[in-house]
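Taking it in order: structure first as C-alpha cells, then the write-up.
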Amino acid sequence: MTETAEITKEPKISAIWIIPAIALLVGMWMLYQYQANKGPTIFIEMPQAEGIIAGKTEIKVRSVKIGQIDHIRLSDTQDSVIARAQIDKNYNSLLTDDAKIWVVKPRIDETGISGMSTLLSGVYLEFSPGESKELKERFTLQDEPALIGKDVKGGRFKLLSYNAEVLDVSTGIFFKNYKIGQIETAIFDWENQAMKYGVFIKEPYQNLITMNSIFWVNAGIEIDLSADGININTGSLSKLLKGGVSVGLPEQQAPGEIAQDGHSFSLSQSYKEALEERFYDFDYYLIEFEQSVRGLRTGAPVEYRGMRVGTVVEAPANVIVNGKPAHFRNHNTAVPVLIKVEYGRLYHDSASAKEYWQGSLKGWIESGMRASLKPGNLLTGAVYVDFDIYPDAPAAHLGKLVQYDVFPSISSGITVLADQVSDVLNKVNDLKIEDSLAQMQATFTDYRALANEMRELLSQKDTQNLPGDFNRNFEKMTKSMVQFEVTMRQFDKTMASYQAGSELHHQIQQTLKEFKRLSEGLQPLTRGLNEQPNMLIFDKSLPADPKPRKQ
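Read in numbering that gives the first Met the number 0, the sequence shown has 131 at position 132, and its numbers run on one by one without any break.
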C-alpha cells in the first residue's frame, strides 16, 4: 500500500536571523548614543606636535578633563600641525571666540616652577575660556600660557618704552616694593622702534594708578654717575634677583585722578629718568659754545643759579645747515648744543611758566643772561649748562639757526682764567716802562738845572739889595727850592732803582718772565681740562696703540 507524502511549507526567514537583527539594533542604538554624547569636534593649529600624542593627550580646564586629542596631521601647506580633539558635550559653551589654549609642560621663570606633574603623566593642553558669546571650532595654540584668568578682577594698562631694557612677560609690577601686578604681553613695534607692554594690576590696587603716576625699570641695583655725584640704590633681595617695574608718584606730589583701563604710560629706565621725562611742555634752544664740550652728556642738567630749568638733548647737536653739520661750518668754529627748557620745572603750572619765560627772555638777555659750561663732577668729568647774569658781557640777542632759537653763550672755567692772565701780561707789556723812565730822567735833569740857576740868582748882591718884600719872597723861594731839591734827589734815587740794570728793574723783569712762563704753563692745562675735565683725578686718556693689519 502506497503512503501519500504530506508536504508542508517552511517560513522563508529563519528564526536564527533574529539574533543578528537584535545585534544590529543594539549597535545602531549605541552609535546613536555615541554620536549624541560625543560633543563637538575642534581643530587646534600648532607649529609642531612635540609631546602631543593622539588618543592620549588630554585637554583640561582647571585640571578637569574636557576632551582629548584623537588625530594629528600636517596642514595642507605643511608648515604647521593640525590636531583634532573631541570635547565633552557638557562643555560645549566653553568654546568661545576669545578662548586661549596652550601646552602645559615644566617651566622655570621669575614666577617660579610650574608644570612638574607633567614629567610623569606627559604634557596636556590647558584651555582658558573667554567672555565672548560667539562659539568657534578652530583655535591657535599660544606660545606662552595665559597669566591672568578672565575671572581675576583688576585693571589693564599700557606701557610704552623707547630706551628702557626689554622686559619679559610675567615681570612683576611693584608699588613700594609690594607686587601689585605683572606684565601680560610684550610686543616690539618695529615701525616706531619701541616696546609696547600690556600690564595687569590686581584689584583693588588699580586705584593706585593715577594720571600722574610714573613707571620705571627697577633692576634691583642702580648706580648713577652724573653731574650731581655718585648715587647707588638697591632694592629688596627678590627684586635684586628678578628685577621688575616700579610704579609711584613724584616726590611731594599728591595722587591725581585715577587712570581708566587702557590708559598709556611711559616706561623709563630709572626713577631719575622717569622724573625727567614727565615734563612734556618744553621748548628747544641751541647754544653755540666757543670751547670744548667734552664731558657734556645727553641728559645733563640745565640750571639757573643752581635751579634746574631744563635738560641737554644733544651734545653736539645734530643740526644740518646747507647740507653740512652745524659744528663743521667754515665761518663758525662754535659747537652747537641742543637743550630743552622744561616749564614744569619753573612752576607747577607749566602754561603760566611758559608765558612768563617767553615774555621775559628778551629782557634777561639784554641784561646779560648767558649760558656757560660749569664742572659738575671732577671725579667723572661731567659738566652741565648754567644760565647766569653777566653785566659786563658783550651785547647779544636771541638768534636763529634752522628751526631753533640760538641762546647766547660765554666762555667759563679755566679757559677764562687763562685768558685773564694773558690779558694782564699783554697790558704789562704795553706799558713801555723803559720809555717812561727815560722821559722822567730827562725831566729831572731839567729841574736840577733850573734849581742851580735859581741858587745863583739869589746869591747875587743886586738880588739881595732888593726891597724887604722881595727879599722875604726870595727867602721863601730859596727854602722851597731847597725842599724841591731834596725831593728831587729822593725822586732821583727812586727813579734810579727803576733804571735798566738796577735791582728793582731786574726784579720787575723777572716777575714778568715768571708771569709769561705761568701763562705758557697754563695753556696745556687749559687744553687738557677742556678735553678731559677729570684729568685732575685720573691720568689723561691716551689714544690706543695702533694694531698692525694683516698683509
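Note that beta-carbon positions come from the ideal geometry of N, C-alpha and C, so glycine has one too. Given the structure is predicted, the values throughout are model-derived calculations rather than measurements.
Where residue i sits in the DSSP three-state scheme
i    : result
P19  : helix
V292 : coil
S79  : coil
T3   : coil
R344 : helix
M29  : helix
Y204 : helix
Q34  : helix
Y389 : coil
N89  : helix
S212 : coil
L266 : strand
S245 : strand
S120 : helix
L337 : strand
L140 : coil
L24  : helix
A185 : strand
L94  : coil
D280 : coil
Option nearest residue i by Cα separation, candidates the options
i    : options                : result
I71  : E49, K59, D87, N91     : E49
L372 : H330, Y342, P390, G305 : G305
L397 : G375, Y383, P374, M368 : M368
D280 : Q251, D348, F214       : D348
E365 : G261, Y303, A394       : A394
S92  : K135, E125, Y284       : K135
Y177 : W189, R155, L207, R137 : L207
Y383 : P324, G153, R307       : R307
F138 : M45, Q259, G153        : M45
A82  : Q67, F174, T95         : Q67
S410 : W189, K399, D391       : D391
Q290 : I65, N317, E276, A333  : A333
E202 : L30, A20, E302, R155   : R155
A258 : V301, N211, V246       : N211
I65  : T76, Y33, I41          : I41
E341 : G362, P324, A370, E302 : E302
V102 : T56, D385, V318        : T56
I147 : W363, L73, I179        : I179
8 Å contact criterion, which residue i and residue j should meet: CB distance rounded
i    : j    : result
Q141 : I100 : 7 Å
D97  : G129 : 3 Å
F288 : V336 : 6 Å
A299 : A381 : 7 Å
F278 : R344 : 6 Å
I200 : A273 : Contact flag wrong, Cβ pair sits at about 17 Å.
L94  : P39  : 7 Å
A84  : I52  : About 12 Å separates the two Cβ atoms, so there is no contact after all.
N217 : G247 : In fact, because the Cβ distance is near 10 Å, the residues do not count as touching under 8 Å.
Y403 : Y284 : 6 Å
F126 : V60  : 5 Å
Limits of the alpha helix (DSSP H) - the one that residue i falls within
i    : result
E354 : 349-365
A193 : No alpha helix (DSSP H) holds A193; the beta strand (DSSP E) holding it covers 193-201.
A273 : 270-276
Endpoints, the beta strand (DSSP E) within which residue i is located
i    : result
K157 : 153-160
Y123 : 123-127
N176 : First-last for N176: undefined, no H or E at that position.
R72  : 63-73
P374 : 368-376
L400 : 398-400
E313 : 306-313
S169 : It is not in any beta strand (DSSP E) - S169 carries neither H nor E in the DSSP assignment.
V301 : 300-303
I51  : No beta strand (DSSP E) holds I51; DSSP gives it neither H nor E.
W101 : 99-103
V405 : 403-406
I257 : Careful: I257 lies outside any beta strand (DSSP E) and carries neither H nor E.
V318 : V318 -> no beta strand (DSSP E), and no H or E assigned at all.
I409 : Neither: I409 is in no beta strand (DSSP E) and is coded neither H nor E.
K59  : 57-60
E44  : 40-45
Minimum Cβ-Cβ distance from residue i to chain D less than 8 Å
i   : result
V80 : Any reference to chain D falls outside this structure, which holds one protein chain only.
Sufficient close CB pairs (3 or more, under 8 Å) joining the region 350-360 to the region 260-273 | no
Is the region 158-170 touching the region 181-188, taking contact as three or more C-beta pairs under 8 Å?
-> yes
Is it a yes or a no for the region 252-266 touching the region 307-315, going by three-plus beta-carbon pairs under 8 Å?
-> no
Check whether the region 149-162 touches the region 185-203, counting contact only when three or more Cβ pairs, one atom from each stretch, lie closer than 8 Å.
-> yes
On the three-pair Cβ rule with 8 Å, is the region 284-304 touching the region 248-257?
-> no
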